[in-house]
C-alpha cells in the first residue's frame, strides 16, 4: 500500500519545480507554465488528503474543482494580458517589460 | 514492492521528469507539450487516488483547454518560428537553490507529523464519489456558494479576457 | 455461464487458466489477458476501418451519380487493400525544418484519440471495455486529445498553410465542444448517470423521441468535431490545399484519413447509444451478446450513413460563418433546450408515461420553432440590410 507521505513528497517536488520555473524563466508564457505546475501540485495535495482522511467528507475534491476553475480563469486572463502586451511592446521577455521601473 | 507501488513510482517519475522538461526546455512549444505530458500523468495520479471524476475533468479542462491555450499563446507571441536568446535568467543557480531550499523545508516540516505513514482505508462499498460530489456542490448547507462564486469568476474572466485581447482595428 | 451468453468472460477465464498452468503469476496472467483483449478489439476496429473506406467511396459515388470503385474484387471490395498497400510503400518524408518528434507523434495521437473511445462503448450488456461511471465526460476528454493532435500536426509541418488549417480546425473543435457537452447532459439527466451502459439500459423509450432537438444539435456538433463537411474548412481541398494534412504523405496521411473515418463511425455509434437505444432492440439483446453487437453495428452504420449524407449533400461554410453559427445560434439554443428539458423533467416526473413523452416532445418542438423564428427574423433583417439599397434603386425606375 502507498503511504500518504509519497503523495505529499511528490506534490512538494512538483511545487518546487514549478517555483523554479517561475523564478528562472525569461519568457512570460514560460512563467505561466510554472504557475500551472504549482497549481497542479496543490491539487494533488488536496485530493490525497481527501482520500487518506474521511472519504465521506468531500471538501478535498470540492476544493480541487474550485482550483480547476480558478486556474482556467487565471490562465485565460494571464495569456490575454501577455498577448496584449506583445501587441504593444513586441516582446514577451519579462526583463524587457520595465516601463514602471524607476 | 506491490504492483500498486510500482505503478505509483513509474507515474510519479514521469510526472517529475516531464515537469523538469517543462521548466528547462529551450523550445517553448516543446515546453507546452511536456506540460501536456505532466498534466496527463497528474490525471493518472488522480485515478490512483480513486478520484476518477477529477481525472477526467483534469484531461478535459487542463489538456483540452488550458494546454491548447498555451500553445496558441506561444505561437502568437513570437517574431519567427524559432526561439532565440537564452531561456533562463543569468542567475538561474540562485533560483535552483531557492527551490531546493523550499523543498527541503517542506520535507522537514512533513517529518514532524505523525500521520505521515498512514495508508489509505478502503472505500466503503457502494461509495459513489460522483453523486456525493454533485450533492455537496449543490446543497445549500455544503458548498453551493463557492460553486456559484466560481461560475461568476469564470464569467468575469471570460469577459475580461475577450476585452483585453480584443484587437480594435 | 456458457460461451454464447458471455463469450469474453469464458475466453478470459480459459486463457488465464492456461497461463497460470504454465506457471505464471495470477495477477500477471490477468494483465496479459486484458492486453490480449485490447489488442483483439483494436485489430477488429482497424479491419472495420478498411471496410469503412470502401463504404465511404461507394456511398459518395452513388450520391454523385456514379458507381465508385468496381474493378478490384467483387464490387470493388479489394480497393481499400490496394490503397493501404500503396500508402505503405510510399516514401516516408519529413519536411525540411519540421519538428521531427512532434511531426511523427501527431498522427499516432490522432488515431489514439479515436481508439480509446471504444473502451467505453458497450457492445453488449456484458461486453464492454470499462464500465466507467463518467463515460460521457470521457467522450469529451478523448475529443480534447484529438484537438491537441491536430494542432501538433499543423504547427510541426513548418508550413503556413498547415498552421492556418490547424488553427482553424482547433478553433472550430473547441467552439463546438460547448453545445456537444450541453446536449450530452440531456441523456445524462434522463438516465441519472453518466455511465454509457446505464444510459442504454434506462432507454425504455428512445431518447430521440424524448428529445429530438437534442439529438439533432448533438449530431451537428459531432459533425463539426469530426471536421467533416459542411464544417471542413480546415482541410477543404479547394480552399487550403489540405489544411494540416498538407505535409503528410504515405501511411501517416493514411492514419489521419482512416482515423477520421473511424471517428465518424464511432460518433455514429455514440449517436445510436445516446439517443437510439444502443444495442437494445425489442428485447433481442437478451438472446445473445452477438445479436446485441450486430444491432449496435447496424445502428452505428445508419448513424454513419446520416453523417455521410450530410457531408455529400451540403456545401462548405466559411470559418467566420461556422463560428458565428456556433456562438450566436447553437450555444444559446443548447442552453435554452437544456433548461427547458430540466424544467419539463421536474414538472412531469410523476406523470403518466404518455403525458411525459408528449410533453417532452412538444417542448422540444416549441424550443426549435422559436429558435428558427428568431433565426429567420435575424436573417431577414440581414438580407434587407444587404439588398435594401438595391431595391430602392430598382423602385426608382
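Residue numbers (this note's numbering), protein chains in the order written: chain R, 2 to 103; chain X, 5 to 173; chain Y, -4 to 392. Backbone N, C-alpha and C fix where the C-beta goes; we use that ideal spot for every residue, glycine too. Computed from a prediction, not measured in an experiment: that's the story for all the values here.
Checklist entry - Taking 8 angstroms as the CB-CB limit, is residue 128 of chain Y close to chain X? => result Yes, its Cβ sits closer than 8 angstroms to a Cβ of chain X.
Checklist entry - Name the chain Y residues that come within less than 8 angstroms of residue 71 of chain X, Cβ to Cβ? => result Against chain Y, a Cβ distance below 8 angstroms from residue 71 of chain X picks out 143.
Checklist entry - Can you pull the DSSP bridge partners for residue 303 of chain Y? => result Note: residue 303 of chain Y sits in no beta bridge, so no partner.
Next on the checklist: I'd like to know whether the C-beta of residue 28 of chain R is nearer than 8 angstroms to at least one C-beta of chain X.
Outcome noted: Look at residue 28 of chain R: its C-beta is under 8 angstroms from a C-beta on chain X.
Checklist entry - Taking a cut of 8 angstroms between CB atoms, which residues from the segment 257 to 271 of chain Y lie near chain X? => result Listed by position along the chain: nothing, the set is empty.
Item to check | Where residue 217 of chain X meets chain R, residues with beta-carbon distance less than 8 angstroms | outcome: Residue 217 of chain X falls outside the range modelled here, since chain X spans only 5 to 173, and no answer is possible.
Next on the checklist: Below 7 angstroms on C-beta distance, what does residue 79 of chain X contact in chain Y?
Outcome noted: Correct list: 150.
Item to check | Limits of the beta strand (DSSP E) - the one that residue 9 of chain R falls within | outcome: First-last for residue 9 of chain R: 5 to 25, but that is the alpha helix (DSSP H), not the beta strand (DSSP E).
Item to check | C-alpha gap between residue 92 of chain X and residue 35 of chain R, whole angstroms | outcome: Going from the Cα of residue 92 of chain X to the Cα of residue 35 of chain R covers about 13 angstroms.
Checklist entry - Between residue 31 of chain R and the rest of its own chain, which residues show a CB-CB distance below 8 angstroms, the 5 nearest in sequence each way excluded? => result Apart from sequence neighbours up to five positions away, the residues of its chain that approach residue 31 of chain R with a beta-carbon distance below 8 angstroms are 22, ordered along the chain.
Checklist entry - Taking Cβ positions only, does residue 67 of chain X come closer than 8 angstroms to chain Y? => result Yes - at least one Cβ of chain Y is within 8 angstroms of the one on residue 67 of chain X.
Checklist entry - So, using beta-carbon positions, are residue 77 of chain X and residue 58 of chain R closer together than 8 angstroms? => result Against a cut-off of 8 angstroms, the Cβ pair of residue 58 of chain R and residue 77 of chain X comes out as no contact.
Item to check | Check whether residue 178 of chain Y and residue 220 of chain Y have beta carbons under 8 angstroms apart | outcome: Cβ atoms of residue 178 of chain Y and residue 220 of chain Y: not closer than 8 angstroms.
Checklist entry - Along the segment 16 to 35 of chain X, what residues have a CB closer than 7 angstroms to any CB found in chain R? => result Within the segment 16 to 35 of chain X, the residues whose Cβ lies closer than 7 angstroms to some Cβ of chain R are 16, 19, 20, 23, 24, 26, 27, 32, 35, listed in chain order.
Next on the checklist: Restricting to runs no shorter than 4 residues, where is the alpha helix (DSSP H) found entirely within the segment 116 to 150 of chain Y?
Outcome noted: Entirely contained in the segment 116 to 150 of chain Y, not one alpha helix (DSSP H) run reaches 4 residues.
Checklist entry - Should the segment 62 to 69 of chain X be regarded as contacting the segment 134 to 152 of chain Y, the criterion being three or more beta carbon pairs within less than 8 angstroms? => result Touching, yes.
Checklist entry - So residue 150 of chain X is in the alpha helix (DSSP H); what residue range does that whole segment cover? => result Its alpha helix (DSSP H) spans residues 148 to 168.
Next on the checklist: Can you confirm whether the segment 179 to 191 of chain Y touches the segment 99 to 112 of chain Y when touching is taken to mean that 3 or more C-beta pairs between the two stretches lie within less than 8 angstroms?
Outcome noted: The segment 99 to 112 of chain Y, when compared against the segment 179 to 191 of chain Y, does not touch it at the 8 angstroms Cβ threshold.
Item to check | Assigned secondary structure, residue -3 of chain Y (DSSP; H/G/I helix, E/B strand, else coil) | outcome: Note: residue -3 of chain Y maps to coil in three-state DSSP.
Checklist entry - Looking at the structure shown, is residue 99 of chain Y part of a helix, part of a strand, or coil, going by DSSP? => result Assigned with DSSP and collapsed to three states, residue 99 of chain Y falls in helix.
Next on the checklist: Would the segment 92 to 107 of chain X count as touching the segment 11 to 19 of chain R if we require 3 or more Cβ pairs under 8 angstroms?
Outcome noted: They touch, by the three-pair rule.
Next on the checklist: Using beta carbons (cut-off 8 angstroms, strictly below), is residue 37 of chain R in contact with chain X?
Outcome noted: Interface residue, yes.
Checklist entry - Using CA coordinates, which residue listed in Y:37, Y:242, Y:0 is at the minimum distance from residue 92 of chain Y? => result Ranking the options by Cα distance to residue 92 of chain Y, first place goes to Y:242.
Next on the checklist: Is residue 107 of chain X close to chain R? Criterion is C-beta to C-beta, closer than 8 angstroms.
Outcome noted: Interface annotation, residue 107 of chain X: in contact with chain R, CB-CB separation under 8 angstroms.
Checklist entry - Can you name the residues of chain R whose CB is closer than 7 angstroms to the CB of residue 54 of chain X? => result Within chain R, the residues near residue 54 of chain X are 52.
Checklist entry - Which residues in the same chain as residue 38 of chain R place their Cβ atom closer than 8 angstroms to its Cβ, once the five residues preceding and following it in sequence are excluded? => result These residues qualify, in order along the chain: 15, 16, 18, 19, 22.
Checklist entry - Who does residue 92 of chain X pair with in a DSSP beta bridge? => result When beta bridges are read from the DSSP output, residue 92 of chain X appears opposite R:26.
Checklist entry - Tell me, which residues are paired with residue 94 of chain R by DSSP? => result In the DSSP output, where bridge partners are listed per residue, residue 94 of chain R has R:28.
Checklist entry - Given that residue 166 of chain X touches chain Y, what residues does it touch there, using C-beta distances under 8 angstroms? => result Within chain Y, no C-beta atom comes less than 8 angstroms from the C-beta of residue 166 of chain X; the nearest is roughly 11 angstroms away.
Checklist entry - Considering only C-alpha positions, which residue in the set Y:337, Y:363, Y:29 is nearest to residue 124 of chain Y? => result Out of Y:337, Y:363, Y:29, Y:29 has the C-alpha closest to the C-alpha of residue 124 of chain Y.
Checklist entry - From which residue to which residue does the alpha helix (DSSP H) around residue 22 of chain Y run? => result Counting along the chain, the alpha helix (DSSP H) containing residue 22 of chain Y begins and ends at 21 to 58.
Next on the checklist: Looking at chain A, is there any beta carbon in it that lies within less than 8 angstroms of the beta carbon of residue 48 of chain X?
Outcome noted: Checking the listed chains, one finds no chain A in this structure; the protein chains it contains are R, X and Y.
Checklist entry - Closer than 8 angstroms, CB to CB, is residue 83 of chain R near chain X or not? => result It does: the Cβ of residue 83 of chain R has a partner Cβ on chain X nearer than 8 angstroms.
Next on the checklist: Please state whether the Cβ-Cβ distance between residue 263 of chain Y and residue 307 of chain Y is less than 8 angstroms.
Outcome noted: Here residue 263 of chain Y is not near residue 307 of chain Y, since their CB atoms are 8 angstroms or more apart.
Next on the checklist: Cutting at 7 angstroms between CB atoms, please list the residues of its own chain near residue 25 of chain X, excluding the five before and the five after it.
Outcome noted: Result list for residue 25 of chain X: 38, in chain order.
Next on the checklist: For residue 123 of chain X, list the residues DSSP reports as bridge partners.
Outcome noted: According to DSSP, residue 123 of chain X bridges with R:4.
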